[in-house]
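> Provided herewith is a single structure, encoded as structure tokens, for subsequent inquiry.
There are 2 protein chains.
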Amino acid sequence: MTQSVQDMATAARHAARRLAVTSTAQRNAALEAMAMALEARQEEILGANTLDVAEAQQAVSQGRMGQPLLKRLSLAGDKCAEMGRMVTSVAAQPDPLNVTQSATELSTALELYRVTVPIGVIGVIFESRPDALVQIAALGLKSGNAVLLKGGREAARTNQVLGQVIVDATTGSDGIPSGWLGLLASREDVGVLLGMDQDVDLIIPRGSNEFVRHILDNTRIPVMGHADGICHVYVDRSAQIGMATHIIVDAKTQYVAVCNAAETLLVHQDVAPALLARVVPELRSRGVVLRGDARARSLAPAAMDAATEADWHTEYLDLILAVKVVDDLDQAINHINEYGSHHTDTIVTEDRQAAEAFLRGVDSASVMHNASTRFADGFRYGLGAEVGISTSRLHSRGPVGLEGLTSYKYVLRGSGQCVGDFEGEQYRPYTHRPLRKTWTA
Amino acid sequence: MTQSVQDMATAARHAARRLAVTSTAQRNAALEAMAMALEARQEEILGANTLDVAEAQQAVSQGRMGQPLLKRLSLAGDKCAEMGRMVTSVAAQPDPLNVTQSATELSTALELYRVTVPIGVIGVIFESRPDALVQIAALGLKSGNAVLLKGGREAARTNQVLGQVIVDATTGSDGIPSGWLGLLASREDVGVLLGMDQDVDLIIPRGSNEFVRHILDNTRIPVMGHADGICHVYVDRSAQIGMATHIIVDAKTQYVAVCNAAETLLVHQDVAPALLARVVPELRSRGVVLRGDARARSLAPAAMDAATEADWHTEYLDLILAVKVVDDLDQAINHINEYGSHHTDTIVTEDRQAAEAFLRGVDSASVMHNASTRFADGFRYGLGAEVGISTSRLHSRGPVGLEGLTSYKYVLRGSGQCVGDFEGEQYRPYTHRPLRKTWTA
């Protein structure tokens, strides 16, 4: 049975309206059913996954696919049980819906509440990892959103079965409407999805830099995510050299292929000789290739290639680090605002005032003092499950948890009031008194 | 001196970064200077305005412009002083910046804060009212945003002088960078602005339905606003007829040309005879033209034209009301979700359960029980100055105050921590303990 993307989106919109009025218990019960089904139907899932993996292995042996992609594709081992546990952990999160954000008395017996609600219909487009499908389905359901999913072609069979398992398990569950989850089949489907700005409220792309950029360039629907992660470590004049070295090594090498890894090191000129003497051998011993500006190279000529303008703009996602010596804090801040991607940047300094100037002046989603950029992550930030990291300045910014999948509505409870009663001859002032009450439906 | 839009936007981006680090006192002082200058340079402003008004009067007499537009254009009388008072009242609002939204201990001496910051560069495009220029400049400055403004052609001279007065008054003020306010001159400039998604973070269109729709259709920059305001009053089976009549009359007639006025009346079939008998004469005596579906007309045949499908989609902004009799609450909710514009809708009922189902089930920015839709407004909601009303589900929804002009950043204060310290053999759990602290720079 194939459904057109348009039909799927219409079904998703209707489902979203019904999901929006489900109770916490109903959504959690459906999540538990999803978790159980992932374990119960493990053989079916692994059967499909084995076929995908076999095909991918061929592609790898023919040089059409990289080894890391193959690794992410496989659900062998404990992965099914792990997905089940992940769904259970999403169920255990606090309900992001029906949270009263503010309550105000406008006048006697006229009370205004601002309450969280789902966004509606969310399109998620992700590359190969099939566990991303399960994660986003779980987060979507928890937050009352309908989801339209398109996974990588390499994982098509696995995704098909996972989608069916989730649909079977949840749409039997009390209150959960059919159509809340739709699986897109082809690249053409994605093109159609990106054009449906009336029916889809948000697009979340998960994948490479080029992939996200392609999505951003091809839709008018709001996109939550980030293209580049060009993160900086700035070592200020009064930094502790040992601490700075520890942070640089962690930010660059602890996990290189991620958006919160450092790509550029900025060093205050006064501390550059001491810092580079210490950190350069540490980095080189870990296989890091350094590309320095003229001043940095003059301090460690044998250890650095020459950086070009392009290096300051580049997200390597690899064991490469660009290094620049700056005159002062201001030059560092300006460099980051100019060349960075507004993702995550850190200063290492013992000077509290310099730290505050950096934290305020750097226009990024996460700004840090004496900590590694690698902390910029939903789990580490305590947000529970992570939807992604956003570099947008609207809606959610930085690591996004379930809250980022919600909107709000204003609920006004009156007792017959009209605006005319408050104006002209009838003038009555509004009280605008904060209420310590929550809205409960 | 004319500046290209690109130069203006570059200047605005640089100014925005400097505005972001100004203190509350600096921004308020600049607002006070702005307020004083508006009074002090009143003659200059009125001189320009008189010329605009004279030209507009010609246009009106030749039938090229409507009388209401002319009225909105004029700053005669107390308008300059009024604009000054408005700016002073914006200065008096609480600072929306540097508000700590959350604080979490991730581990010992590793503290995470989520803090409000400006959005950055905001483009505002508005039709004739020149006081809109002053209002948005004041709100932008208060919230630390740079603004690029384009007003209506009819008010070109007035806007030019107002812009100059504001720039002169504020850029002399301590900490306020030049370039924070730019005035666009032509329709071509707007085209350029709408294409600058790297330099402009948000577009706010203020004007007619068609105007907003044109903006939405011609930019990839996020837009805050609403096109239609198709608001509904639903009178449930157990409504008090007197209260319902009062609310319908207010929602329809108290001020017809606004987005929160009611356009469609839905009536439960059981209460339709009694309700229509009471409300139809009331509405007709106020000049309201009624367009009913078959069932409504059968109850008041002489008083109603026949409604067509198009009526349920139409924002009249006029003394016209579409009327439909529905079978039950569910049909009312479905009609609103299908034909409405997700702006503001109200139910009149004595049945608490029906009210809750309506408040939860209707997918609109404002949902109300026993109150007029006309309350949906930033001032009435107690938000202070209003930026506009948004029907988007992302970022701000409903009436938007200064908070809607802010974003946030995460600030992490550490003492040398690295992610590697928390993983593998070094395993240390995150504490994720809420802190009762605020971040102060």
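As you go down the protein sequences, you meet chains A and B in turn. Residue numbers for the first sequence follow the working numbering, beginning at 65 and rising by one. Residue numbers for the second sequence follow the working numbering, beginning at 65 and rising by one. All C-beta atoms, glycine included, are put in the ideal place defined by N, C-alpha and C.
(1) Is N209 (chain B) close to chain A? Criterion is C-beta to C-beta, closer than 8 angstroms.
(2) What does N401 (chain A) reach in chain B if we use C-beta pairs closer than 7 angstroms?
(3) Pull up the CB-CB distance for V331 (chain A) and V353 (chain A), whole angstroms please, since I reckon it's below 8 angstroms.
(4) So V264 (chain B) and K473 (chain B) are in contact, right, with Cβ under 8 angstroms, and what is the actual spacing, rounded?
(5) Using the C-alpha atoms, what's the distance from G243 (chain A) back to T222 (chain A)?
(6) What would DSSP say about N113 (chain B), mapped onto helix, strand or coil?
(7) For R424 (chain A), which option in B:D71, B:Q70, B:A80 and B:M72 has the closest C-alpha, if you only look at C-alpha atoms?
(8) Does any residue of chain A have a CB that is nearer than 8 angstroms to the CB of P493 (chain B)?
(9) So I311 (chain A) contacts chain B; which residues on that side make the cut at Cβ distance below 9 angstroms?
(10) In terms of alpha-carbon separation, which member of A:V412, A:A210, A:Q304 and A:V426 lies closest to V181 (chain B)?
(11) Given T470 (chain A), which residues of its chain have a CB within under 7 angstroms of its CB, disregarding the five upstream and five downstream residues?
(12) Residue range of the alpha helix (DSSP H) that V483 (chain B) falls in?
(13) Grouping DSSP H, G and I as helix and E and B as strand, with all else coil, what is A201 (chain A)?
(14) I'd like the span of the alpha helix (DSSP H) that includes D375 (chain B), first residue to last.
(15) Examine chain A for any beta-carbon lying closer than 8 angstroms to the beta-carbon of L176 (chain B), and answer yes or no.
(16) Is DSSP giving F275 (chain A) helix, strand or coil here?
(17) For M65 (chain B), which of helix, strand or coil comes out of DSSP?
(18) Scan the region 243-269 of chain B and note each continuous alpha helix (DSSP H) run of 4 residues or more that stays entirely inside, going in chain order.
(19) Roughly how many angstroms lie between the CA atoms of R50 (chain A) and H290 (chain A), to the nearest whole one?
(20) Using a C-beta to C-beta distance shorter than 8 angstroms, which residues of chain B count as neighbours of T168 (chain A)?
(21) Closest to A358 (chain B) by C-alpha separation, out of B:K388, B:A366, B:Y403 and B:I267, would be which residue?
(22) Measure the beta-carbon distance from I200 (chain B) to V188 (chain B) and round it to whole angstroms, keeping in mind my assumption that it falls under 8 angstroms.
(23) When the Cα atoms are used, what is the spatial distance from A173 (chain A) to D441 (chain B)?
(24) With DSSP as the reference, identify every bridge partner of M432 (chain A), one or two as the case may be.
(25) Using the C-alpha atoms, what's the distance from G404 (chain B) back to L133 (chain A)?
(26) Does T317 (chain B) come out as helix, strand or coil in the three-state DSSP assignment?
(27) Listed from N- to C-terminal order along the chain, which residues in the region 411-423 of chain A have their beta-carbon within a distance smaller than 7 angstroms of any beta-carbon of chain B?
(28) Whose CA, out of A:H78, A:N434, A:E379 and A:P493, lies closest to the CA of V211 (chain A)?
(29) Short of 6 angstroms in beta carbon distance, which residues of its chain neighbour T502 (chain B), apart from the five on each side in sequence? Order them along the chain.
(30) N155 (chain A): which of A:H399, A:A97, A:A325 and A:L383 sits nearest, CA to CA?
(31) Can you grab the Cα-Cα spacing for the pair M65 (chain A) / I109 (chain A), in whole Å?
(32) Pick helix, strand or coil for V181 (chain A), following the three-state DSSP scheme.
(33) Near R82 (chain A), which residues of its chain fall below 6 angstroms by C-beta distance, leaving aside the five closest residues on each side in sequence?
(34) Using a Cβ cut-off of 7 angstroms, pull out every chain A residue sitting near P286 (chain B), in sequence order please.
(35) So, is the C-beta of D116 (chain B) closer than 8 angstroms to a C-beta in chain A?
(36) Leaving out five residues before and five after S87 (chain A) in sequence, what residues of the same chain have Cβ atoms less than 8 angstroms from its Cβ?
To lay it out plainly:
(1) no
(2) R81
(3) Not quite, the Cβ-Cβ distance comes to about 17 angstroms (not below 8 angstroms), so this is no contact.
(4) V264 (chain B) to K473 (chain B), Cβ: 19 angstroms. No contact.
(5) 20 angstroms
(6) helix
(7) B:A80
(8) no
(9) G478, G480, Q481 and C482
(10) A:V426
(11) P160, L161, T180, V181, P182, I183 and S207
(12) Note, V483 (chain B): premise wrong, no alpha helix (DSSP H); not H, not E.
(13) helix
(14) E373 to W376
(15) yes
(16) helix
(17) With a pLDDT of only 46 at M65 (chain B), under the threshold of 50, the placement of this residue in the model should not be trusted; the figure read from the coordinates follows. Residue state, collapsed to three classes: coil.
(18) 251-259
(19) The shown model of chain A, from 65 to 505, leaves out residue 50 (chain A), and the question about it has no answer.
(20) Y445 and G446
(21) B:K388
(22) 5 angstroms
(23) 18 angstroms
(24) A:T410 and B:L476
(25) 46 angstroms
(26) helix
(27) E420 and L423
(28) A:H78
(29) T164
(30) Note that residue 155 (chain A) corresponds to Ala in the displayed sequence, not to Asn. Closest option to A155 (chain A), Cα to Cα, is A:A97.
(31) Model confidence at M65 (chain A) stands at a pLDDT of 46, short of 50, so the residue's coordinates are unreliable; what they give is reported in the following sentence. Approximately 19 angstroms, taken between the alpha carbons.
(32) strand
(33) P241
(34) P286 and L458
(35) no
(36) G239
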